[in-house]
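A.B. asks: Mind looking over this structure? Questions follow.
Residue numbers (my numbering): 11 to 281.
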């Protein structure tokens, strides 16, 4: 009896240039709603064949729905982690360098680091430290320091969120509830005076809150586009932030309001 092998699952790893185009398509659809192929082509300045391939990639990932003669967004506003890494990479790297330099060296230190591309940049910059323990629930953060034998890296358990590569839920919360760290380093989808540190997913926000609750201090790392923005789920009040590391593109009025709450603001120098 013959059997048919299941189809192979294709790896989706677009080149940096394609990633930028894919992000642009998602941004356009998110801002304008359904768009025609002709409109997308004019905005992107690409050939019909290139646009078909790009739209095919996004549809395979469940990020868009192709319509007759065009496309519409298929998901909420959260950008998948593979594409999130391609947005403002210089700013994120500069924030990572600035944030890492604020941590004391030369003595034992335990830090919890959350998910997101900016938090992963901080972890990379800490990779050369000694006597440092990193607790994380994010695969991206763990991968940034996994090959560093000088570090002790502890991962929580939990349910994996495909869009952010973070482990969330009761297992992750229990892990954070069972530890105490000097500092929590948290990325964010939004940071505002009115609504604090927010993310797109309530379960992720609860996990982040558990991390923050068992840290002596909280550092938030977020590029300027996140400052003044609010998303659906709160991870921490603005007044709970000890240090915010961002860049000069952040809304100055929002930064002034955060300073009035006692938040120390550090602006990274972006080349």
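Just so you know, even glycine gets a beta-carbon here, dropped at the ideal spot from N, CA and C.
All of these numbers come straight from a predicted model, not from anything done at the bench.
Do the CB positions of residue 213 and residue 245 come within less than 8 Å of each other?
C.D. replies: no
A.B. asks: Compare the beta carbon distance of residue 248 and residue 191 with 8 Å and say whether it is the shorter of the two.
C.D. replies: no
A.B. asks: For residue 28, collect the residues of the same chain with a Cβ closer than 6 Å to its Cβ; drop the 5 residues on either side in sequence, then sort them by chain order.
C.D. replies: none
A.B. asks: Given residue 164, which residues of its chain have a CB within under 6 Å of its CB, disregarding the five upstream and five downstream residues?
C.D. replies: 145
A.B. asks: Which residues in the same chain have their Cβ closer than 6 Å to the Cβ of residue 232, if we skip the five residues on either side of it in sequence?
C.D. replies: 198, 201 and 256
A.B. asks: Exposed or buried, what is residue 172 when buried is set at 16 or more other beta-carbons lying within 10 Å of its beta-carbon?
C.D. replies: exposed
A.B. asks: Can you tell me which of the three DSSP states residue 223 falls into?
C.D. replies: helix
A.B. asks: What are the partner residues of residue 107, as DSSP defines its beta bridges?
C.D. replies: According to DSSP, residue 107 bridges with nothing at all.
A.B. asks: If you drop the 5 nearest sequence neighbours on each side, which residues of the same chain put their C-beta closer than 7 Å to that of residue 265?
C.D. replies: 237 and 275
A.B. asks: Let me check you understand the geometry: is the CB of residue 187 closer than 7 Å to at least one non-hydrogen atom of the ligand ATP?
C.D. replies: With respect to the ligand ATP, the structure shown offers nothing to examine, as it has no ligands at all.
A.B. asks: With distance defined between alpha-carbon atoms, name the residue in 43, 103 and 113 nearest to residue 130.
C.D. replies: It is 103 whose Cα lies nearest to the Cα of residue 130.
A.B. asks: In the DSSP assignment, find the unbroken alpha helix (DSSP H) run with residue 60 in it and report its ends.
C.D. replies: Here the alpha helix (DSSP H) through residue 60 covers 58-70.
A.B. asks: Would you identify the three-state DSSP class for residue 271, choosing helix, strand or coil?
C.D. replies: The three-state secondary structure of residue 271, taken from DSSP, is coil.
A.B. asks: To the nearest angstrom, how far is it from the Cα of residue 56 to the Cα of residue 41?
C.D. replies: 20 Å
A.B. asks: Please work out which residues of its chain come closer than 6 Å, Cβ to Cβ, to residue 154, disregarding the five sequence neighbours upstream and downstream, and give them in chain order.
C.D. replies: 130, 133 and 134
A.B. asks: How is residue 9 classed by DSSP in three states: helix, strand or coil?
C.D. replies: The displayed coordinates of the chain run from 11 to 281. Any statement about residue 9 would go beyond what the structure contains.
A.B. asks: According to DSSP, is residue 48 helix, strand or coil?
C.D. replies: helix
A.B. asks: Where in the region 181-254 do unbroken runs of the beta strand (DSSP E), each at least 3 residues long, occur, reported from the N-terminal end onward?
C.D. replies: 191-197, 200-202, 206-209, 225-231 and 243-246
A.B. asks: Taking residue 168 as the reference, give the member of 148, 181 and 242 with the closest Cα.
C.D. replies: Ranking 148, 181 and 242 by Cα distance to residue 168 puts 181 first.
A.B. asks: Apart from the five residues just before and just after residue 273, which ones in its own chain have a Cβ nearer than 6 Å to its Cβ?
C.D. replies: 251 and 254
A.B. asks: How would you write the range of the alpha helix (DSSP H) that residue 134 sits in, first residue to last?
C.D. replies: Counting along the chain, the alpha helix (DSSP H) containing residue 134 begins and ends at 127-135.
A.B. asks: So what's residue 28 in DSSP terms, helix, strand or just coil?
C.D. replies: helix
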